[in-house]
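Q: Sequential numbering of the sequence shown, starting at 2, is according to the numbering used here.
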Amino acid sequence: MAARTGTEQIVPDRDAVSGRLTGSTPPPPGRANRTSLAGGGPRVGRPWTPYAFLLPAGALLAMFSVFPLVWALAISVQPRGAGKNGTITGFTLENFSSVLTDSRTLDSLRVTVAYALLTTFLCIAFSILTALAIKTVRRGAGVYQAALLIPLTVAPPVVVILWRALFNRNTGAVNGILTRLGIPEQGFYESTGQALYVLVAMAVWTNVGFWTLVYLASLNSVSTEIFEAAELDGCGPIRKFFYVIFPLLRRTTLLAGVVLMSAGLVVFVPAQLLTQGGPGGATNFLMYMASQEVLRYGHPGTANALVALLLLIIATTVALQFRLLRSKDA
2 MAARTGTEQI
12 VPDRDAVSGR
22 LTGSTPPPPG
32 RANRTSLAGG
42 GPRVGRPWTP
52 YAFLLPAGAL
62 LAMFSVFPLV
72 WALAISVQPR
82 GAGKNGTITG
92 FTLENFSSVL
102 TDSRTLDSLR
112 VTVAYALLTT
122 FLCIAFSILT
132 ALAIKTVRRG
142 AGVYQAALLI
152 PLTVAPPVVV
162 ILWRALFNRN
172 TGAVNGILTR
182 LGIPEQGFYE
192 STGQALYVLV
202 AMAVWTNVGF
212 WTLVYLASLN
222 SVSTEIFEAA
232 ELDGCGPIRK
242 FFYVIFPLLR
252 RTTLLAGVVL
262 MSAGLVVFVP
272 AQLLTQGGPG
282 GATNFLMYMA
292 SQEVLRYGHP
302 GTANALVALL
312 LLIIATTVAL
322 QFRLLRSKDA
């Protein structure tokens, strides 16, 4: 209370009155900083608490991702025969020189890049077209969307077994249909010129359903007024797609391109279970070649050099995709 003598009126202290009116008491000096506000909410008293929750996930990431990557890079610069018993003996670029001068590496790189490009382009194209078709469906759209999820429920080894049965040269159902139509039997995955395209078709069948749903969600998030305005301006279907629809799907296309391209460059399961890198090296992907360097020839340094080269290619490809497809407002 602040008081004055004489005829002056006694004026209560403003802070004391406000404290009594609100029923609050001033905080102790030691706890004043803990209850301070930041951005409209209470500030966390212990700033390390979020990092404590992230520590288990970070430890698992380091154990199963970061450490194997560092170890692979370390083995790639070891002399031939080193690294088998977990020892680091020196430093050399012999493995990289051997990989870069081997003609098999260039052939494997060509096959891997062709597979990744074809898979990425066809998956994105079919996914966009299928999403646009489902968006125009008035009834039964949910049934079509549920059917698209069927390939996602099948494990990759089961998919390989299914395609091996369908595209078998002698007993496959596809050749049976072709012979009924008067078309000669095809070699498919046993043919040097067709094996790669069979694996591409299998990858497209497996991934189109998921990415169709992703593109459909992106289309549903766009206001219909944009499409109506384009139609009023006289845009035909082709101009409407390239000048209105596709630019709106740029971010989704970037995501699909990065994921599909990265997965295509590290493809391994189809080559291992279906073609064993053949016939004639037609499906000898880089990851399959790296596995053979370890399992068949016992050269872990060469295999890890191939993996390091593949990682460099993936990083370059992803950076290029972000450069070409990123939005102006991103």
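Every residue, glycine too, gets a C-beta built ideally from N, C-alpha and C.
Going by C-alpha distance, which of Leu296, Gly282 and Leu274 is nearest Thr106?
A: It is Gly282.
Q: Taking only the alpha-carbon atoms, compute the straight-line gap between Ile76 and Gly265 and give it to the nearest angstrom.
A: Each residue's Cα considered, the two are about 25 Å apart.
Q: Can you tell me which of the three DSSP states Asn169 falls into?
A: Here Asn169 sits in coil by DSSP.
Q: How would you write the range of the alpha helix (DSSP H) that Trp206 sits in, first residue to last?
A: Where Trp206 is concerned, the enclosing alpha helix (DSSP H) stretches over Ala196 to Asn221.
Q: Ends of the alpha helix (DSSP H) at Cys124?
A: Its alpha helix (DSSP H) spans residues Ser104 to Lys136.
Q: Consult DSSP for Leu321 and reduce its assignment to one of helix, strand or coil.
A: Three-state DSSP puts Leu321 in a helix.
Q: Gly218: buried (16+ other C-beta within 10 angstroms of its C-beta) or exposed?
A: The sequence given here places Ala at residue 218; Gly does not occur at that position. Ala218 comes out exposed.
Q: Taking the alpha-carbon positions, what's the Leu220 to Leu249 distance?
A: Going from the Cα of Leu220 to the Cα of Leu249 covers about 8 Å.
Q: Determine, using beta-carbon pairs with one atom in the region 220 to 229 and one in the region 197 to 207, whether at least three such pairs fall under 8 Å.
A: Because the criterion of three Cβ pairs below 8 Å is not met, the region 220 to 229 and the region 197 to 207 do not touch.
Q: Please state whether the Cβ-Cβ distance between Thr207 and Val160 is less than 8 Å.
A: It is a contact, given that the beta carbons lie within the stated cut-off.
Q: For Thr303 versus Val78, is the C-beta distance shorter than 8 Å?
A: Contact: no.
Q: Going by C-alpha to C-alpha distance, which of Asn171, Leu133, Ala117 and Arg181 sits closest to Val259?
A: Comparing Cα positions, the closest option is Ala117.
Q: From this set, Gln195, Thr120, Phe68 and Thr121, which residue's C-alpha is nearest Thr276's C-alpha?
A: Residue Gln195 is the option with its Cα nearest to Thr276.
Q: Ile184 lies in the alpha helix (DSSP H); which residues open and close that run?
A: Unbroken run through Ile184: none, as it is neither H nor E.
Q: Less than 6 Å between C-beta atoms, sequence neighbours within five positions excluded: which residues of the same chain meet that for Met288?
A: Around Met288: Val267 and Phe269.
Q: Specify, as a first and last residue, the run of the alpha helix (DSSP H) that Leu287 falls within.
A: First-last of the alpha helix (DSSP H) with Leu287: Leu287 to Leu296.
Q: Ordered along the chain, which non-local residues of its own chain (more than five positions away) have a Cβ less than 8 Å from that of Val205?
A: Result list for Val205: Thr120, Leu123, Cys124 and Phe127, in chain order.
Q: Using beta-carbon positions only, say whether Leu153 and Gly210 come within less than 8 Å of one another.
A: In this structure, Gly210 lies closer than 8 Å to Leu153 by Cβ.
Q: In chain order, what residues of the same chain lie with their CB nearer than 7 Å to the CB of Phe168, ignoring the 5 residues before and after it?
A: These residues qualify, in order along the chain: Val175, Phe189, Tyr190 and Val199.
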